[in-house]
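Single-structure report; data block below.
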Amino acid sequence: MQRALELAARLASGRTPFVLATVIWRRGPSSGHMGSKAVIATDGSITGWLGGACAEPTVIKQALDALVEGTPRLLQLGPPEEFGDRHDEDAVAVPMACESDGAMEVYLEPVVPEPSLVVIGKSPGAETLAQMGALLGWRAVLIDDGGEAHSLDAVEVHVTLDLEALAIGERDFVVVATQGHYDEKALEAALATSAGYVGLVASRKRAAAVFEFLRGSGISDEALARIHAPAGLDLGSLPNDQIAVAVLAEMVSLQAGGGLTTGVTVFRREEAIDPVCDMIVNVATASWTHEHDGHNYYFCAPGCRTAFANDPESFVSKESQ
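Put into structure tokens, the structure is as follows:
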């Protein structure tokens with residue numbers, strides 16, 4: 013367990029997504045134990061111990077699904093009758109009919125880094141917005157292209173407009189608050205990223221002029237539709253610092269309402285279904301296989317392979333039903 017926790021700490025500090033899986037209930041002879049923990053990475057690799065070969069591929073699949081959705085889930089593995097009053101309508105139930113005849117519940121908690129907020133521009137309002145983002149625990153970056161290097165509490169300050177180096181993803185925010193100095197240049201750079209939110213702090217008249225310029229420069233209407241302009245909730249005429257509040261409120265609303273994806277990319281390994289117990293089997297690492305009638309079958313345990321080898325037609329006919 014210690015290795016899993018140490019890895020989780022390293023991944024979290026490096027802003028790398030993962031899933032922390034914890035066994036919260038079990039009934040023997042399942043090999044999982046109460047409190048056992050494992051870390052599942054985006055490539056499907058697992059560090060730690062949750063259970064045997066029957067359970068692991070299913071745990072990995074469900075963990076990756078949870079990571080993409082960004083939502084925790086409870087996984088119930090075992091014969092339905094084993095859970096009795098523990099049955100949870102919100103749980104993902106996977107009947108496990110392996111020879112171990114055990115059962116367990118695994119809580120899958122996706123850990124996705126907080127989003128990045130990149131504010132482009134130099135003004136008290138831009139600085140205020142970046143600092144408020146930092147207070148929310150977001151990675152906050154202020155870009156003053158061509159400006160002088162300076163420090164700002166809890167905010168990374170850059171003086172070159174290099175968004176590619178920031179690895180901006182689908183759950184990140186880019187706000188252009190350049191006050192007419194290089195709005196077009198900044199927006200072109202923002203639209204070249206996969207940011208889930210691109211905002212322009214400007215009047216409607218100024219925003220229309222910027223859009224017209226970008227359209228004439230070859231930016232498509234589809235790309236322009238990504239831009240929130242004017243950025244922020246409509247709270248009326250506001251001074252710069254309060255405009256920052258309106259912009260932050262719009263971003264928080266979008267995030268809370270599910271308007272942004274996690275932006276997490278996962279690697280799915282080739283899987284097969286054990287024809288005897290219906291459990292998921294990782295094809296690349298399967299220890300137990302059997303060839304029948306020109307087709308390869310994969311099994312989670314030797315008992316399943318033996319049962320299949322003794323009467324393959326009964327299981328093949330079950331598959332075709």
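This note's numbering numbers the first residue of the sequence shown as 13 and each following residue consecutively. We put the beta carbon where it would ideally sit given N, CA and C, even for glycine. Here the structure is a predicted model, which means the values were calculated and not measured.
Element boundaries [alpha helix (DSSP H), containing residue i]
{"i": "L236", "result": "D233 to L236"}
{"i": "F225", "result": "R216 to G228"}
{"i": "Q143", "result": "P136 to L147"}
{"i": "G60", "result": "No alpha helix (DSSP H) contains G60, which is instead part of the beta strand (DSSP E) from I58 to G60."}
{"i": "V257", "result": "N252 to A268"}
{"i": "L19", "result": "Q14 to S25"}
Residue i - DSSP class collapsed to helix/strand/coil
{"i": "E182", "result": "coil"}
{"i": "V204", "result": "The question names Val, yet the displayed sequence has Ala at residue 204. Correct three-state label for A204: coil."}
{"i": "L87", "result": "strand"}
{"i": "A53", "result": "strand"}
{"i": "S128", "result": "strand"}
{"i": "T70", "result": "helix"}
{"i": "G96", "result": "helix"}
{"i": "L32", "result": "strand"}
{"i": "F327", "result": "helix"}
{"i": "R317", "result": "helix"}
{"i": "R39", "result": "strand"}
{"i": "V80", "result": "helix"}
{"i": "A198", "result": "helix"}
{"i": "A75", "result": "helix"}
{"i": "V65", "result": "For the record, residue 65 in the displayed sequence is Ala; it is not Val. The answer is coil: DSSP assigns A65 none of H, G, I, E or B."}
Contacting residues, own chain, Cβ-Cβ under 6 Å from residue i (five flanking each side not counted)
{"i": "H304", "result": "P324"}
{"i": "V106", "result": "T70 and L89"}
{"i": "K49", "result": "M13, A16, T34 and G60"}
{"i": "G208", "result": "E182, R183 and L272"}
{"i": "M291", "result": "C66 and C312"}
{"i": "L23", "result": "F30"}
{"i": "W37", "result": "E117"}
{"i": "W300", "result": "F311, P314 and R317"}
{"i": "S128", "result": "R151 and D184"}
{"i": "G275", "result": "G181, E182 and R183"}
{"i": "A268", "result": "none"}
Own chain residues within Cβ distance below 8 Å of residue i, not counting five before or after
{"i": "M144", "result": "A256, V257 and L260"}
{"i": "V222", "result": "D195, E196, L199, L212, A214 and A241"}
{"i": "T277", "result": "T54"}
Beta-bridge partners of residue i, as assigned by DSSP
{"i": "P107", "result": "Answer by DSSP bridge pairing: none, since P107 is not bridged."}
{"i": "E168", "result": "V153"}
{"i": "H240", "result": "G211"}
{"i": "V188", "result": "I132 and L212"}
Cβ shell of residue i (< 7 Å), same chain only, five flanking positions each side left out
{"i": "A78", "result": "V31, P84, R85, L120 and P122"}
{"i": "V288", "result": "F311, C316, A319, F320 and F327"}
{"i": "E282", "result": "V295 and A296"}
{"i": "I72", "result": "I52, G56 and I58"}
{"i": "R218", "result": "G192"}
{"i": "G149", "result": "E126"}
{"i": "F279", "result": "T54, D55 and G56"}
{"i": "A75", "result": "V31, A33, I52 and L120"}
{"i": "L178", "result": "S128, V130 and V153"}
{"i": "H162", "result": "V169"}
Residue interval of the beta strand (DSSP E) (run including residue i)
{"i": "P122", "result": "A115 to V123"}
{"i": "G211", "result": "Y209 to L212"}
{"i": "A284", "result": "E283 to I285"}
{"i": "E360", "result": "Nothing about residue 360 can be read from this structure; the chain reaches only from 13 to 333."}
{"i": "F279", "result": "First-last for F279: undefined, no H or E at that position."}
{"i": "V293", "result": "I292 to N294"}
{"i": "H11", "result": "Because residue 11 is not part of the residues shown, which for the chain are 13 to 333, the question remains open."}
Discussion item. Count Cβ pairs between the stretch 176–191 and the stretch 124–144 that sit closer than 8 Å; are there 3 or more?
Written reply: yes
Discussion item. Does the stretch 159–169 come into contact with the stretch 233–247, if we say contact requires no fewer than three beta-carbon pairs (one atom in each stretch) closer than 8 Å?
Written reply: no
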